[in-house]
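The structure appears right after this line, and notes come after that.
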Amino acid sequence: MKDELINNTVTSAAKLTGFAMQAQSIATSVLPAVTGGVSTSAMLLVGFLADVDIYKYINVDFPENFVSFCRQMEETSLPNIFQNLDTENEGDNPSSTIGKFQFWDVSTTLLDNSSVAIFKNLATLGVILVLNILVPIFKGYPRLHGLLNKIRRLFMWNIFLSYFLGDFSELLLNSMIQLRENYVSSAYANLSFAFAVLIVIAYPLLFVYLVYKLNKKYPLQMNAERGRAYRSSPRINHKSPKWAEIPASIGIVVEDFRENNSFTRNFQLILMLESFLQILVVFFPQENRLAQAVIYTIIVVVYTLLSVWHLQMAILLINLISKAIMGIMTIVFGSNDIARSISQASLDRMGLTLIVLILLVIGANFLISVVLIIISLYEWIKEWIARHKKKTLKPHTNNTRITVTRNNFISEQHPSRPADISLDHHNLSNSQLFENTSTTDKSPSTINVLPNGRFIDVPRLRIVSKKNRWDISKRSPIKDHLS
Numbered sequence: 011m012k013d014e015l016i017n018n019t020v021t022s023a024a025k026l027t028g029f030a031m032q033a034q035s036i037a038t039s040v041l042p043a044v045t046g047g048v049s050t051s052a053m054l055l056v057g058f059l060a061d062v063d064i065y066k067y068i069n070v071d072f073p074e075n076f077v078s079f080c081r082q083m084e085e086t087s088l089p090n091i092f093q094n095l096d097t098e099n100e101g102d103n104p105s106s107t108i109g110k111f112q113f114w115d116v117s118t119t120l121l122d123n124s125s126v127a128i129f130k131n132l133a134t135l136g137v138i139l140v141l142n143i144l145v146p147i148f149k150g151y152p153r154l155h156g157l158l159n160k161i162r163r164l165f166m167w168n169i170f171l172s173y174f175l176g177d178f179s180e181l182l183l184n185s186m187i188q189l190r191e192n193y194v195s196s197a198y199a200n201l202s203f204a205f206a207v208l209i210v211i212a213y214p215l216l217f218v219y220l221v222y223k224l225n226k227k228y229p230l231q232m233n234a235e236r237g238r239a240y241r242s243s244p245r246i247n248h249k250s251p252k253w254a255e256i257p258a259s260i261g262i263v264v265e266d267f268r269e270n271n272s273f274t275r276n277f278q279l280i281l282m283l284e285s286f287l288q289i290l291v292v293f294f295p296q297e298n299r300l301a302q303a304v305i306y307t308i309i310v311v312v313y314t315l316l317s318v319w320h321l322q323m324a325i326l327l328i329n330l331i332s333k334a335i336m337g338i339m340t341i342v343f344g345s346n347d348i349a350r351s352i353s354q355a356s357l358d359r360m361g362l363t364l365i366v367l368i369l370l371v372i373g374a375n376f377l378i379s380v381v382l383i384i385i386s387l388y389e390w391i392k393e394w395i396a397r398h399k400k401k402t403l404k405p406h407t408n409n410t411r412i413t414v415t416r417n418n419f420i421s422e423q424h425p426s427r428p429a430d431i432s433l434d435h436h437n438l439s440n441s442q443l444f445e446n447t448s449t450t451d452k453s454p455s456t457i458n459v460l461p462n463g464r465f466i467d468v469p470r471l472r473i474v475s476k477k478n479r480w481d482i483s484k485r486s487p488i489k490d491h492l493s
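11 is the number of the first residue of the sequence shown in my numbering; add one for each residue after it.
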């Protein structure tokens, strides 16, 4: 009765985890489009799903409940989108014959293992290709051309990089399996082999390109000129920029990291290097079981410590700490393979702990994905409302027109040529006042002088504004110093 309850619990947890994984995969696919193509978080969130997949290939004896959990979780995965192309074998391609890959019945055909990831990246490239064709065609239609151009900038290349870098672990590992164990010769298998070759070549080239772009510095002469400009600037920060500006098309690589630090500026590439090292660990030393578990754990712990020291990113730290705990458990399992000192009940409890940990982390990542989508949609709606209000409001003008006739003078006041007109004439002479009125307006004006020649009648000022109209009358006796 107890065993049945445990099995039912494991089955329910596996189905729930599988559902959460698929939901998170969909959410992280939508997230880059919602955030304008710039979301490093999407890559970090989807990366943990691939890390769980790599983890189970460590060649140690996992507890039976954990093995059952993983097998039932695989049953909830999405079907092979390219299966109809496999007319010869109808999806019945050979499995791997090496270590843990054989234990988990991993297909040696890339399209069998990563059909969803490949389809997602191919669809994104197809959208980019279609948009590049449509943008020049609709150049004569400004509104439609602008919309298509905006969508093209969204997909090219940030959304594609979000998908391609997020699927790095899955695509590279399964491609390496295909290249090592390419047993089948069919149109479907050959197409899969071609994809594997392209992926294995594309990732190193992309890595080199990103390293160059992220670490490109200003030329010495330009950097010196910028340094002088910054030092002569009245701003507080006089430190000249060290690196060249990162193109907006690859801004996703550094979007959530500080760009003024070498470590954080290259952190996405450092994470790719961590995943690559983990792939090498599970791919090659399958016969060295305990050593494989120890090396895997050391890599994860080192990267966790580096992240804690340099970054404070909740998503990344949750995933890394969880992986470190999982790695420590593999060392325990590997040690037990040799000593056989742990009871079955203890192993089952550890397996249940692994199940709960994976379920909690995947659930947390899914919730974070949903929250990020909601926040991004809220910000987008708020910006759209602000733009809509701005278009509906009439532009406000501050132009003021001051009129001069016999007892009034007229002048035009523009923002670009502000008129410096004072209503306080107590300290002005008649000649100065006359100059002011003459320079203010070229039209004829009259100044009334009293018969005794000692006082003048200051003209009435009438200031006319588009919004308000008011009269300012002021008469002041000014002593005439003219001879």
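Beta carbons are placed, not taken as given, at the ideal position from N, Cα and C, and that holds for glycine.
First and last residue of the alpha helix (DSSP H) that includes residue i?
{"i": "S117", "result": "Taken as a continuous stretch (DSSP letters only), S117 belongs to no alpha helix (DSSP H), as it is neither H nor E."}
{"i": "W394", "result": "Q354 to T402"}
{"i": "P152", "result": "P152 to L164"}
{"i": "A133", "result": "S125 to I147"}
{"i": "Y173", "result": "F170 to G176"}
{"i": "E284", "result": "F277 to F293"}
{"i": "V263", "result": "That residue, V263, is in no alpha helix (DSSP H); it is neither H nor E in DSSP."}
{"i": "S87", "result": "Segment: none, S87 is in no alpha helix (DSSP H) and carries neither H nor E."}
Quick check on DSSP: helix, strand or coil for residue i?
{"i": "V414", "result": "Annotation note: pLDDT 44 at V414 (below 50); position unreliable, coordinate value reported separately. DSSP places V414 in strand when its eight states are reduced to three."}
{"i": "K227", "result": "strand"}
{"i": "S196", "result": "coil"}
{"i": "H491", "result": "Note that H491 scores a pLDDT of 42, beneath 50, so its modelled location is shaky; the value from the coordinates is reported in the next line. In this structure, H491 counts as coil in the three-state DSSP scheme."}
{"i": "S317", "result": "helix"}
{"i": "R350", "result": "coil"}
{"i": "S105", "result": "strand"}
{"i": "I309", "result": "helix"}
{"i": "G57", "result": "helix"}
To the nearest angstrom, how far is it from the Cα of residue i to the Cα of residue j?
{"i": "T314", "j": "N270", "result": "21 Å"}
{"i": "N225", "j": "Y219", "result": "10 Å"}
{"i": "V304", "j": "T340", "result": "8 Å"}
{"i": "I260", "j": "S351", "result": "52 Å"}
{"i": "I147", "j": "W167", "result": "21 Å"}
{"i": "G344", "j": "F79", "result": "19 Å"}
{"i": "I16", "j": "Y222", "result": "53 Å"}
{"i": "G156", "j": "G337", "result": "50 Å"}
{"i": "L316", "j": "I280", "result": "10 Å"}
{"i": "N131", "j": "N123", "result": "15 Å"}
{"i": "F376", "j": "G150", "result": "43 Å"}
{"i": "V312", "j": "V40", "result": "32 Å"}
{"i": "T274", "j": "F217", "result": "16 Å"}
{"i": "V310", "j": "L201", "result": "35 Å"}
{"i": "M128", "j": "E284", "result": "The sequence given here has Ile at residue 128, not Met. In a straight line, the C-alpha of I128 is about 22 Å away from that of E284."}
{"i": "K227", "j": "E255", "result": "9 Å"}
Out of the options, state which residue places its alpha-carbon closest to the alpha-carbon of residue i.
{"i": "K66", "options": "A349, V311 and Q296", "result": "Q296"}
{"i": "D177", "options": "P104, M83 and V210", "result": "V210"}
{"i": "K252", "options": "P104, F294, S272 and I262", "result": "S272"}
{"i": "A204", "options": "L181, F217, S259 and Y222", "result": "L181"}
{"i": "N503", "options": "K399, S105, A197 and V140", "result": "The structure shown does not extend to residue 503, since the chain is modelled only from 11 through 493, so no value can be given for it."}
{"i": "N298", "options": "I309, R81 and K110", "result": "K110"}
{"i": "I328", "options": "F277, Q34, L54 and I36", "result": "L54"}
{"i": "Q288", "options": "L183, L88 and L403", "result": "L183"}
{"i": "N99", "options": "G337, I383 and S195", "result": "S195"}
{"i": "D71", "options": "W114, N90, H398 and S124", "result": "W114"}
{"i": "G28", "options": "N18, L59 and V40", "result": "L59"}
{"i": "V291", "options": "A33, I68, Q34 and I36", "result": "I68"}
{"i": "Y306", "options": "Q34, V20 and V62", "result": "V62"}
{"i": "F174", "options": "T38, D96 and N90", "result": "T38"}
{"i": "T21", "options": "E74, G57, P42 and Q32", "result": "E74"}
{"i": "T76", "options": "I365, I385 and A199", "result": "The amino acid at residue 76 is misidentified as Thr; the sequence shows Phe. Answer by Cα proximity: I365."}
{"i": "L135", "options": "L88, H398, L387 and I169", "result": "I169"}
{"i": "E191", "options": "S386, D96 and Q112", "result": "Q112"}
{"i": "F294", "options": "D96, A30, I395 and I64", "result": "I64"}
Give a yes or no on whether 8 Å exceeds the smallest Cβ distance from residue i to chain D.
{"i": "L135", "result": "Looking at the structure shown, chain D is missing, and only one protein chain is on hand."}
* Okay, do the region 113-126 and the region 183-199 touch, 3+ Cβ pairs below 8 Å being the bar? -> yes
* Pairing CB atoms from the region 154-162 with CB atoms from the region 91-107, are three or more of them under 8 Å? -> no
* the region 81-98 contacting the region 345-359, beta-carbon criterion three pairs below 8 Å -> no
* Can you find at least 3 beta carbon pairs, one from the region 328-342 and one from the region 360-379, that sit closer than 8 Å? -> yes
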